[in-house]
Every structure is written in C-alpha cells, then in structure tokens.
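Asker:
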Amino acid sequence: MKAPRILLSLLFSSLLLQAHALIPTDRKQRLTEHWEFIRQDMGSIWEVMRPITGAGKPETVPLWQKVTLPHCFNAEDAVDPDVNYYQGPGWYRTMLNIENPYTNGRTCLEFEGAGQKTEVYVYTTRIASHVGGYDEWKADITEAVEAFRRTPLCRERFGGKIPIAIRCDNSRDTEMIPSDMSDFNLYGGLYRYVNLVYTPAVHFEQIRIEATTDEKGKQGSISIDIAFGGLSGKEKKAKEFSLRVFSPEGKEVNSISSELTEISSYQISLKRPQLWSPHSPALYTCVAELIDNGDTLRTTQHFGFRHFRFEEKGPFYLNGERLLLRGTHRHEDHAGVGAALTEEMMRTEMQQIKEMGANFIRLGHYQQSGIILRLCDELGLLVWEEIPWCRGGLGGESYKNQARRMLTNMIEQHRNHPSVILWGLGNENDWPGDFQTFEKDSIRAFMGELHDLAHRLDPTRSTAIRRCEFCKDIVDVYSPTIWAGWYGRRFRNYREMETAGINATTRFLHAEWGGDSHAGRHMEVNKETGRKGIDNFDIEAADRNGDWSESYIIRLFDWHLKEQETMPRLTGSLFWTFKDFSTPLRPDNPIPYVNQKGVVQRDGTPKESYYVFQSYWSSKPMLHIYGHSWPVRWGKPGEPKEILVYSNCPEVELFVNGVSQGRKKRNSQDFPAAGLRWNVPLREGNNKITATGYDGKLRLDDEIQQEYQTRTWGKPSRILLTQTAQDAETILVQAELIDENGIRCLDACQFIEFGCTDSEALLRNQGTAQGSRRIQAANGRASIRVNKQHAPVVVSASDSKRILKTALISVSGQ
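Counting in this note's numbering, the final residue of the sequence shown is number 901, and the numbers go up one at a time with none missing.
#1: With contact counted as at least three CB pairs below 8 Å, one residue from each stretch, are the segment 286-301 and the segment 126-140 in contact?
#2: Exposed or buried, what is Val882 when buried is set at 16 or more other beta-carbons lying within 10 Å of its beta-carbon?
#3: Could you tell me the alpha carbon to alpha carbon distance between Ala894 and Ile839, rounded to whole angstroms?
#4: Please report how far the alpha carbon of Gly220 lies from the alpha carbon of Ser885, in whole angstroms.
#5: Take the Cβ of Ser345 as the centre, count every other Cβ of all protein chains shown within 10 Å, and call the residue buried at 16 or more, exposed below.
#6: So what does DSSP say about Lys153, is it helix, strand or coil?
#7: Determine, using beta carbons only, whether Ile200 and Glu223 come nearer to each other than 8 Å.
#8: Which whole-angstrom value is the C-beta distance of Gly479 and Met263, which I expect to be below 8 Å?
#9: What distance in whole Å lies between the Cβ atoms of His538 and Leu509, which are believed to be in contact at a cut-off of 8 Å?
#10: For Val332, does the count of other Cβ atoms within 10 angstroms reach 16, so buried, or fall short, so exposed?
#11: Near Arg656, what residues of its chain come up, given a Cβ to Cβ distance below 7 Å and the 5 sequence neighbours on each side ignored?
#12: Sort Asp270, Leu330, Lys559, Glu465 by Cα distance to Ser367 and report the nearest one.
#13: Whole angstroms are fine: how far does the CA of Ile355 sit from the CA of Gln857?
#14: So is Leu769 buried or exposed if we call it buried at 16+ other beta carbons inside 10 Å?
#15: Suppose the cutoff is 6 Å on Cβ atoms and the five residues either side in sequence are ignored; what does the same chain contact list for Asp256 look like?
#16: Can you check whether the CB of Gly780 is closer than 8 Å to the CB of Val743?
#17: Taking 8 Å as the threshold (C-beta atoms), are Ile458 and His416 in contact?
#18: Are the beta-carbon atoms belonging to Tyr36 and Pro674 less than 8 Å from one another?
#19: Using 8 Å as the cut-off, can you tell me whether the segment 237-250 makes contact with the segment 466-477, which would need three or more C-beta pairs spanning the two stretches below that distance?
#20: Tell me, please, which residues DSSP counts as bridged to Tyr404.
#21: Mind listing, in chain order, the continuous beta strand (DSSP E) runs of no fewer than 3 residues lying wholly within the segment 871-899?
#22: Would you list the residues sitting across from Gly822 in a DSSP beta bridge?
#23: Name the residue from Asp834, Tyr703, Ala551 whose alpha carbon lies nearest to the alpha carbon of Val470.
#24: Identify every residue that forms a DSSP beta bridge with Tyr179.
#25: Pick helix, strand or coil for His538, following the three-state DSSP scheme.
#26: Going by DSSP, which residues form a beta bridge with Thr386?
#27: Flag Arg126 as yes if its beta-carbon sits less than 8 Å from any beta-carbon of chain D, otherwise no.
#28: Between the C-alpha atoms of Arg889 and Tyr703, what's the straight-line distance to the nearest angstrom?
#29: Just to confirm the assignment, what range does the beta strand (DSSP E) spanning Arg753 have?
#30: Bridge partners for Gly842 per DSSP, in chain order?
#31: Anyone know if the C-beta pair for Arg359 and Gly275 falls short of 8 Å?
#32: Would you report the Cα separation of Met908 and Ser706, rounded to the nearest angstrom?
#33: Which residues bound the beta strand (DSSP E) around Glu297?
#34: How big is the Cα-Cα spacing for Gln523 and Arg259?
#35: Would you please state the rounded distance, in angstroms, between the beta carbons of Leu819 and Ala835? I believe it to be under 8 Å.
#36: Would you call the segment 751-758 and the segment 720-728 in contact, with 3 or more CB pairs under 8 Å?
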C-alpha cells in the first residue's frame, strides 16, 4: 500500500504547479469596494495609471466609472436587442493598503474566476496572467509590492498605497475554450470575487481530503494530504502544525500534532460515520492550524462520507440505496448583473432549486464558483461539474493545454466537496464550425486523454459528457440528446425514446430536456376543435417546439415527471434549465437574446412550471393553482374551462366563485396535474378561484382572480397603455393590443418596443417579461417597469413593424 501513496504524493506535488486552490484562511479580505472600470483597451499600462498619479488631466483620458465587485462587462448589453454584446478588453484599477502581518510573509491576489483572459499589474509591472474564465487562480504580488514601496512615487503620490490594475479580455478566440458557438455568453470582467490574502512564509498550498466507507457504512476512512509552500530545512523545525476533525454536530473526533514536511499525509479511521446525502447533508470539518512565531494560520475544510454507483443499464445508487436523480442545470447568469452574482444572490438561487425538490444539478458548461459548490454540500445537491470544452471542434496545442489545465484545476480545487459525483469532460463535441477541419478521431483521442487524466487525478469519481455519440464509449456515464416534445417528436414519445437511450448506453443519465416558455403566454385547451383563438387549441396534438406557452410546457414537464416515476432502470434526469439565461445565438426569441427554457425568469421570478416540479419532487406540502400569470381567459359563454391544480397534497378541493367543485385525490399517473383538474364554466367578467389542499390535519390554500372574455376579437388596431404602481419604487406600464371595437386581442403576439423620454427610467435590458425594451406580446400584452425616481416621464409603445400608431402615456410617479 505504500507505493501507491508515494505515487499519489508525487502526482499531488506536480499538480500544485498547475492548480491553485483558494485555501480559506483567517487573513483574507474581499476586495469589493473602491474600484474603477473602463470598457475599452488602453494605450499602455502607464495610461491606465496616469490619472491616479496626478500626472494627467481629466479631459485627456477616457472617463472611468466607479464599480463594485463582482462586476461584469456585459451586465446589460448581453440582452440589449439592438447590439451584439461587447467582446474585448476592459480595465479595472484600485489602490490598496497592504500591510502583511507576517514576517517574510506572502501577499496574493486571489481570483475566484475572471473572464476570459486576465493580466495583473502592480503599478506598471506585469505580475501574472491567466487564460480561462472559470477556474480559480492567484497572483503573488509580494516582491512587486515591496519594490514599489521603495520608490519615491509610492510615498509622494500614493500615500503609501499600492496601485493595482487588472486587464480582462473576452475577445473572440477560436484557440480558447469555450467556443463562441456555445449557446451562452462568454462574459468579461471580474465577475467573481477578488480577495487579498496574507500568508506566512510557510503556508498551506493544498489540502486534499478523501473520505470513504465500506458498502454498509460501518467503517469510515479519512485520507488527508496537505502540501505546504515556503518550507526549507531550517523552517521545518520552527513551525508547529495541528490537525483536528469534527463531526457534523461539532464534536471533535480526532486530532493530530505533527512536524512539517513538504507533503504531509494522514490516515484517520471512524466507526459508523454519518453519511452525506440529499436528505441528510452531513458535513465533517477539518481544521488545520500552522503556528509561526506566535501567529496562527488556520484553514477550515468541510467534507463528507458517501459512496455511489451508476448501475450498468440500470439505476443510480447512493449509499447502497436506489436514488432517482431529480435535477436541473445552472448557468452563471442573472438579470441586471450578467455573471456577477453576489454570494447572497447565489444562495437565494440555490435555495430555490432545493425548495423545488431537486437533488442533483449540472453546472453547465464550466467550472462554477466555489460558493456554489459549498452551497450544494450544505443543501444536499449532487453535482455534475464540467470544463468548458463546448462545441466548435478541437483546436491546437494551446487549446488542448487550456482544457488539460482547466480539468486539473477543477478537480483539484473542488474535489473535497462530497456533492460532486461527476467530472464533465465536454458538451456537444460533435458540433463543428470553429476550424477548417473536423476530425472525429482527433476528438476521440483527446476525449480519451481527458478521461484518463480525470481518473489519475481522482479515481473516486466518474466522468461524463453529453451529446457526442462517437465518444460515448470513452466516458463512464453518457447522456444522449433526447428532447421529446421540443426538438424531436412529441412528449408522449418520451418513454420510448428514453428506453432506447438506456439500451444503447452502458451507463445512462438524461441531461437536457424540456422546452421554451414565454412567461405570461397561455393557451386555452380544447381537445375537440384543435384550433387557436376563440375556439381554443388542442395543445397535446402540438408539433414539436410547442407554442412557447406556459400551457404547453407545464404539460410537457408533467408528462415526463409522471413517466419517470414508473421507470425502474432510470438513473434520473436533469431538465434544461432552472433559470432563463442570455445567449448571443437567439436574437429572435420572444425576449431577444434570452434562452427561455427556465422554470424561473432571469431575475428568479418563478414561472408556472416551477410548481409542476415542486408537486412531484418536493417533500414539503405545497399547492398552486395554474394561472397566476394568466389574468384573462377566453371562450364561449357557458363553455367548461379546464382548471389545473398542482399539489403534492393527497386531496384537493376546488372552489369557483365560492361554490365547491368537489374534492379529488392525487394520482401521479392521472395526466395532467395528477388528476387534480376540473372542468368548470366561468362567468363573464371576474372569477375568484380558490383551492384547498388536505394533508392530514394540515390545510393549504391558494387563490387567483381570472377575468373571462367571451367577445371575439379581430385584428389589432391600436395599443392601449395603462400604468399601475407595482411597489414603492416602480410603476408597471402595460401595453395591450386591442381591435377596432376596443376588444382585447388575446392571441396577439406582435413585438412591442418601449421607449421613454428618459431612457434611464426604464428597467430595461434585464431579459425578463417586465424588463425588456423589445418583447413579444404574451396574450396580447407586454409590460415594462419604470423607476419612480426618474418620473415624471413619458413612456411610448409601438409594434416593431410600425403598423400601429405609437401609444404614449405620462407617468408621474405619484
């Protein structure tokens, strides 16, 4: 057993030259404030520094803007309907008070991710560079800081502060991953946190923890490898080092004191360790302390015990028991900030995913923030994380080196997280276009190389890819492309297509399925007529791609979920995707440049489909009447209208205008809505619809108001604008398309363009149903929010083809 440990230690040591994990310590400061930014290139690093030295006049240089970090170049232009998003260089600068408390200590800038190529300067000296927008890295600025301190300039013009400049560049480059052919933006900027870190001369470089158990969970084993930086023969004897391990309840279960070596390895045994799972995410804690001349450097790492396997041609097992993987996907994207999510925003999003009932998430298509991995550990979400080798083909040696390096970094930086079970090697690598030649054999050879590298780095986890049939035999787990009811066939063909996928793959996991939905678009359902408009729409007979309505997509999801409950060989599935996100490849979508396959909007507002998943997946009782975003329904007088309730309660009672429509029992196989559906005539005008769910002594209630319109409409002849105070800060301006008789055209879907006498007053370029300057009408309506602080203003609305007269409305803000 000694030889393999020696080989692992040698491999571990060599990897430290490539992978720089961000080790949490006591001496770390997030650098969020006092930054300036300019979105263009500069003539030289001296031009970047000249204004803050006092050597230049303000009018001689471009204007810099004050920003806080995280910050993204493309916070708004990623979804601006009239421009391509900016791809190019941008500069950040700040001045830091740097006072390292350690004698002969090291000072570093840590980057949790920056896009896509980055250079770091201390005054005019280039210190470090990095290629890749998603892995963690650091720049040691110790010597450069001390050299600048010795210059008169430091004292005379900077008051002892250290000027820092950072250049980020997301320019198009086919010899860099990911490809610009990818269906997401390659954002630019310091869109994850930047940290100032002080360490003593001897410090932690890397901590690797491997926790294993036997199949029955009776015996646990912890292997801890710690690599130290800055060690020399004399210093080894001068340092004290201790290691303590704590249970999930905080009880100390083991402690070690040791002399330092360049790589220290420890073995700890535990009886009946608590196992980590989505239902019980039990986390152990390892606290390592290094004492140097009375100063203590402390780092804390969390880990967990669990074991898993993907059965060949069969289901997934976690800790010896079958677990149906119920998952989704996440892009690093949010309305108004692009990729620059704060930790609070990340936590809110991940809690939404957990509250939906998910137990699995694929982080597509790149390594994501360590904060996200920590939240997955804490919340109990299994993870598939992958490198951004996505579409385009295969480049040259620098391209391959970046992929190797990013795979190494991802594994070394995130391997301690018990939530991670799959390392993704690529996505849609059968998609050519970036290079003159596209050679399957070359792609296969490189995929095999990455697979071998992943297993050398981490033999405890499996590899995976999605949609590259000619490479499916290389990886451990494969996902073919199956989009029943959207990109192929109909959703009722799902079981047949899924079974074929399982039979054709050694270890199968279905990633990516679902479809787009435009928030606020709904269709009436009538299986007899099969026509749109006042005569309704046979939604289950729709061709693939549906009609982008929430009515269609809830049925697609509903069908898949009820089928998955009765598929014993299914490992699980991950629907695409949790949240709408920006993409340069979809300028003509109902919300331009937004992939609308999310079950929440780009700002996190749930669509109706969110509650479909909750009704199948969540263990917490829930109840939701379909139609919260459907204010006006239509049909003939006295015509029964279908009302759906999504709930996990065993029994639900529906009331329409105070009259009970009876109770129904939930049966997951009774499609749609698990049997919780009623056909009820609605009265002309307003209708109050309520539902009560019964779960033992627990009662849940939900209510919506829906207007019922029986008058038929003709072609839209004008736009009617109205305004409503939405909250203390915003007013909602709504545009309705109406015909010559003043009747709302509830099937109208023209693009509406909003304008304003003060463009800053509109909450635009958010990529949401109420935050887009150009948007396709949903059921004849489109809306935008106005900031009251900019009022009074005049808001305009016109159809994009300029057929109708532009409508105007004065917004006072009162």
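Glycine included, every Cβ here is placed at the ideal spot set by N, Cα and C.
Answerer: Taking the structure as given:
#1: no
#2: buried
#3: 11 Å
#4: 40 Å
#5: exposed
#6: strand
#7: Just to set this straight, residue 200 is Gly in the shown sequence, not Ile. In contact: Gly200 and Glu223 (Cβ atoms closer than 8 Å).
#8: Not confirmed; about 10 Å, so no contact.
#9: At roughly 12 Å, the Cβ-Cβ gap does not stay under 8 Å, so Leu509 and His538 are not in contact.
#10: buried
#11: Lys400, Gly401, Pro402, Ile589
#12: Glu465
#13: 55 Å
#14: buried
#15: Pro176, Lys204
#16: no
#17: no
#18: Past the edges of the chain, shown from 88 to 901, lies residue 36, and the structure says nothing about it.
#19: no
#20: Arg396, Arg409
#21: 880-886, 894-898
#22: Note that residue 822 corresponds to Ala in the displayed sequence, not to Gly. Ala822 is bridged to Leu808, Ala869.
#23: Ala551
#24: Phe124, Ile253
#25: helix
#26: Ala375
#27: In the displayed structure, chain D is absent; only one protein chain is listed.
#28: 45 Å
#29: Where Arg753 is concerned, there is no enclosing beta strand (DSSP E), given that its DSSP letter is neither H nor E.
#30: Ser883
#31: no
#32: With the chain covering only 88 through 901, there is no way to say anything about residue 908.
#33: 290-300
#34: 17 Å
#35: Leu819 to Ala835, Cβ: 19 Å. No contact.
#36: no
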